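All remarks here apply to the structure that follows.
2 protein chains.
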Amino acid sequence: MPYRAVVSAEMAKLFGVLSHPLRIRIIEELKREDLSVGNLKDILGITHSAVSQQLAVLRSHHLVVEMRQGRNVFYHLRNPKLASWIMDGVSFISPDASEIEKMMSAIQSVKTVWGPEAKPQPGPKKRTPKA
Amino acid sequence: MPYRAVVSAEMAKLFGVLSHPLRIRIIEELKREDLSVGNLKDILGITHSAVSQQLAVLRSHHLVVEMRQGRNVFYHLRNPKLASWIMDGVSFISPDASEIEKMMSAIQSVKTVWGPEAKPQPGPKKRTPKA
DNA sequence: TTCAAATGTGCAAGAGTTTGAATATATAGA
DNA sequence: TCTATATATTCAAACTCTTGCACATTTGAA
């Protein structure tokens, strides 16, 4: 098989993994700090099962790695540059003309939150679980 | 809708458009020069209908623009940086080296359990005594 | 120690939705 | 007309969410 087809197929798989809003949000949240399924469930406001399934997709493609600590499993970005690379891609999105203004301000907002760089993390940090 | 969800959804759409080997190949070929459906049909070795279908997807998301010349329609990358950005993503594809990550996460897990000293654990409770 | 409950996580099966390939048909220009 | 593209239809496959249950770990009690 020609190398072009091989690389295109691999890249297509990667893009397929990233072609889901929740998976993108998970990656961007993991850029800030390592999080457990329970943490992500609260942050994203979805069921633990949905979080687990999306994490399974990311895990199966080795974009995240899991680290068990007690009864929690903390997830961690294998390559933190992935989150930055994804954000670089916002230059190429083209919303409908009617929504351009909303999109532009939304992009500005995420840039400040999911901004250019995150500080390195030695290990999972404690995020107050609840209450 | 919160801006994070808006941008994540738009990015997911973009990734969805790119999650097909032929569409990636088309983009990379268009980086070199503008091409017609017939050109791409020969280069990719597929039917003109398949080429047209994939181009329609790229067109609907404004990643390519069409320019008619005589009876041919030449396609052109709207933002040439797109092809470069896609190629930057090859750093994140993971050819089957799954054993390495499993081992790394296993080592991390062991460190937390058999580790030298009981650091504050990111669980709901931390346990002082160790069995 | 041994046992059972509580919590966090993963997995399987279902329905509903989306996507891709192939064929056929339609449109536009020479 | 003929040629180059585009679109529509069809069916099969893949995706996602929800529900329910199973497994692993910790805690507390016997």
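In order, the protein sequences belong to chains A and B.
So for the first sequence, our numbering puts the first residue at 920; every next one is plus one.
So for the second sequence, our numbering puts the first residue at 920; every next one is plus one.
C-beta: ideal position from N, C-alpha, C; glycine also.
Model, not experiment: these values are computed from the prediction.
Report the rounded CA-to-CA distance for residue i versus residue j, giving the unit in angstroms.
i	j	result
A:Ala1002	A:Gly935	16 angstroms
A:Ile962	B:Val983	36 angstroms
B:Arg923	A:Lys950	14 angstroms
B:Phe993	B:Leu959	10 angstroms
B:Glu1056	B:Ser971	Not covered by the structure: residue 1056 of chain B. The range shown for chain B is 920 to 1050.
B:His939	A:Ala931	5 angstroms
A:Phe1011	A:Gln988	39 angstroms
B:Leu933	A:Arg990	37 angstroms
B:Leu977	B:Arg997	10 angstroms
B:Trp1004	A:Ile965	31 angstroms
B:Ala969	B:Ala975	10 angstroms
B:Met1006	B:Pro921	31 angstroms
Quick one: using the 10 Å Cβ neighbour count with 16 as the cut-off for buried, is residue i buried or exposed?
i	result
B:Gly1008	buried
A:Gln1027	exposed
B:Val926	buried
A:Met1023	exposed
B:Ala1025	At B:Ala1025, the pLDDT of 39 sits below 50, so the modelled position is not reliable; the number obtained from the coordinates is stated separately. Exposed is the call here.
B:Glu952	exposed
A:Val1032	exposed
Counting only the same chain and skipping the five closest in sequence on each side, list residues whose C-beta sits under 6 angstroms from that of residue i.
i	result
B:His967	Val956, Lys960
B:Ala928	none
Report yes if the CB atom of residue i is closer than 8 angstroms to the CB atom of residue j, and no otherwise.
i	j	result
B:Leu937	B:Ile945	no
A:Leu954	A:Glu948	yes
B:Ser1013	A:His995	no
Excluding sequence positions up to five away, which residues of its chain have a Cβ less than 7 angstroms from the Cβ of residue i?
i	result
B:Pro999	Lys950
A:Gly1034	none
Given residue i, which residues of its chain have a CB within under 8 angstroms of its CB, disregarding the five upstream and five downstream residues?
i	result
A:Gln973	His939, Leu941, Arg942, Ile945
B:Ile1019	The pLDDT assigned to B:Ile1019 is 48, lower than 50, so where the model puts this residue is not dependable; a value taken from the coordinates is nonetheless given after this. Hits under 8 angstroms: none found.
B:Val1029	Its pLDDT being 32, under 50, B:Val1029 is placed unreliably in this model, and the coordinates cannot settle the point.
Within the present structure, is the beta-carbon of residue i separated from the nearest heavy atom of the ligand HEM by less than 7 angstroms?
i	result
A:Val926	Judged by which ligands are present, the structure shown has none, so any question about the ligand HEM falls away.
query: Which runs of the alpha helix (DSSP H), 4 residues or longer, sit entirely within the region 927-1005 of chain B?
result: If one requires a minimum length of 4 residues, the alpha helix (DSSP H) runs lying completely within the region 927-1005 of chain B are 940-951, 956-963, 967-979, in chain order.
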